[in-house]
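What follows is a set of notes on a single structure, which appears directly below.
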Amino acid sequence: MIIALAGKGGVGKSTISSQLIRLLSRDGVVLAVDADPNSNLCDKLGMEPLGSVGELRNDIVDDPDMVPAGISKQEYVANHVRQIISEEGNVDLLVMGRPQGQGCYCFVNGVMRECLSNLIPAYGNVVIDNEAGMEHLSRKTLPKADVIVFVSDPTRTGIKTASRLSGIVDEVSIEAERRVLVINNAVGPAEGLIRYAEELGFEEVFVMPHDEFISRSAMESECLDVPADTVFGKALAGLVRSLTRK
Ligand SMILES: Nc1ncnc2c1ncn2[C@@H]1O[C@H](COP(=O)(O)OP(=O)(O)OP(=O)(O)O)[C@@H](O)[C@H]1O
Ligand SMILES: [Mg+2]
0 MIIALAGKGG
10 VGKSTISSQL
20 IRLLSRDGVV
30 LAVDADPNSN
40 LCDKLGMEPL
50 GSVGELRNDI
60 VDDPDMVPAG
70 ISKQEYVANH
80 VRQIISEEGN
90 VDLLVMGRPQ
100 GQGCYCFVNG
110 VMRECLSNLI
120 PAYGNVVIDN
130 EAGMEHLSRK
140 TLPKADVIVF
150 VSDPTRTGIK
160 TASRLSGIVD
170 EVSIEAERRV
180 LVINNAVGPA
190 EGLIRYAEEL
200 GFEEVFVMPH
210 DEFISRSAME
220 SECLDVPADT
230 VFGKALAGLV
240 RSLTRK
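What follows is the structure, encoded as structure tokens:
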């Protein structure tokens, strides 16, 4: 199952992604894709990136001759992408890295797309932490997600923004079987917000509570591992159950 998270800055995409990854990794290897150039998914997972797809892509565009003779660009990229995946326990981490620069990227993007569309479905579960613009989904560098999780803050304005983002998904024809809205950081009941989200067309809405453990942990460490018995941990288990139901 490929789960892509989207949402405007600071709503909790990386917090939720990292904890989804931790929970899903109990049942097998998860590919964590950090698709936000300014992201801190690695830090939240306590992992060190070994390189990025963006660096590799830019290097090839800058110097196409770096691909040795006798090996196809496809093979070269596939080998290198495998080398930049860092592994820890049941988590494999792939960092997409910086956005493309100037120059002609059509060819290399095609090669990258093919490489990732072979690599990604080999994993049982994939979690993609996107930046707000969802560049990799819209350029189709990353394959189609099964679920897009739109993350919003617990405000009507935030939910409206998430709904606009869902509209962009249609406009740039990003495909996904399911769309789920997560209202994160909620304090107290959120029935009114859930109703509002449904009015705006979200059919599946989840509420992730504000959790003091997360706030306290963020003051002490960049790495985040929320225990299962916290309010956030319990809500996360419910979210995972729903996301992974067939
Ligand atoms: N449920 C929660 N309870 C308490 N704090 C939270 C919760 N969710 C997120 N936060 C806090 O909100 C801040 C932003 O979260 P996070 O970095 O996950 O957002 P983001 O959407 O990934 O941001 P960016 O767009 O900058 O990548 C962090 O300081 C995080 O600790
Ligand atoms: Mg983030």
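So the sequence shown is numbered by numbering that gives the first Met the number 0: it starts at 0 and just counts up by one.
Just so you know, even glycine gets a beta-carbon here, dropped at the ideal spot from N, CA and C.
| Query | Result |
| --- | --- |
| Determine the contact status of residue 32 and residue 125, defining contact as a CB-CB distance below 9 Å. | yes |
| According to DSSP, is residue 208 part of a helix, a strand, or is it coil? | strand |
| To the nearest angstrom, report how far apart residue 187 and residue 208 are at their CA atoms. | 8 Å |
| Mind checking who residue 178 pairs with in its DSSP beta bridge? | 147 |
| According to DSSP, simplified to helix, strand and coil, what is residue 203? | strand |
| To which residues of the same chain is residue 140 closer than 7 Å at the C-beta, ignoring the five residues directly before and after it? | 108, 111, 112 and 115 |
| In the DSSP assignment, find the beta strand (DSSP E) that holds residue 117 and state where it starts and stops. | Run containing residue 117: none in the beta strand (DSSP E); it sits in the alpha helix (DSSP H), 105-118. |
| Report all residues from its chain with a CB closer than 8 Å to the CB of residue 69; omit the five preceding and five following residues, and keep chain order. | none |
| Relative to the alpha-carbon of residue 157, which residue among 182, 138, 3 and 238 has its alpha-carbon at the smallest distance? | 182 |
| For the region 128-145 against the region 4-23, are there 3 or more C-beta pairs whose distance is under 8 Å? | yes |
| Tell me the DSSP secondary structure of residue 31 in three-state form. | strand |
| What does DSSP give as the partner residue(s) for residue 85 in the beta ladder? | 92 |
| Quick one, which of 87, 92, 118 and 43 has its alpha-carbon nearest residue 76's? | 118 |
| Per the DSSP calculation, residue 4 is bridged to which residue(s)? | 128 and 148 |
| In three-state terms, what does DSSP make of residue 39? | coil |
| Got a sec? Which residues, its chain only, sit under 6 Å from residue 59 by beta carbon, not counting five neighbours each side? | 107 |
| Could you name the residues of the same chain whose beta carbon sits closer than 7 Å to that of residue 45, not counting the 5 residues immediately before and after it, in chain order? | 222 |
| For residue 89, which residues of its own chain have a beta-carbon under 7 Å away from its beta-carbon, when the five flanking residues on both sides are left out? | 24, 27, 28 and 29 |
| If you measure from each CB to the nearest heavy atom of ligand 2 and keep those under 5 Å, what residues do you get, in chain order? | 12, 13 and 38 |
| Which residue from 133, 191 and 184 puts its Cα closest to that of residue 169? | 133 |
| May I have the straight-line CA-CA distance separating residue 200 from residue 236, to the nearest angstrom? | 25 Å |
| For residue 185, which of helix, strand or coil comes out of DSSP? | strand |
| Residue 92 and residue 120 look like a contact to me (Cβ under 8 Å); what is the Cβ gap, rounded to whole Å? | Between residue 120 and residue 92 the Cβ distance is about 18 Å, and since that is not below 8 Å, they are no contact. |
| Going by CA-CA distance only, name the one from 99, 135 and 213 that's closest to residue 227. | 213 |
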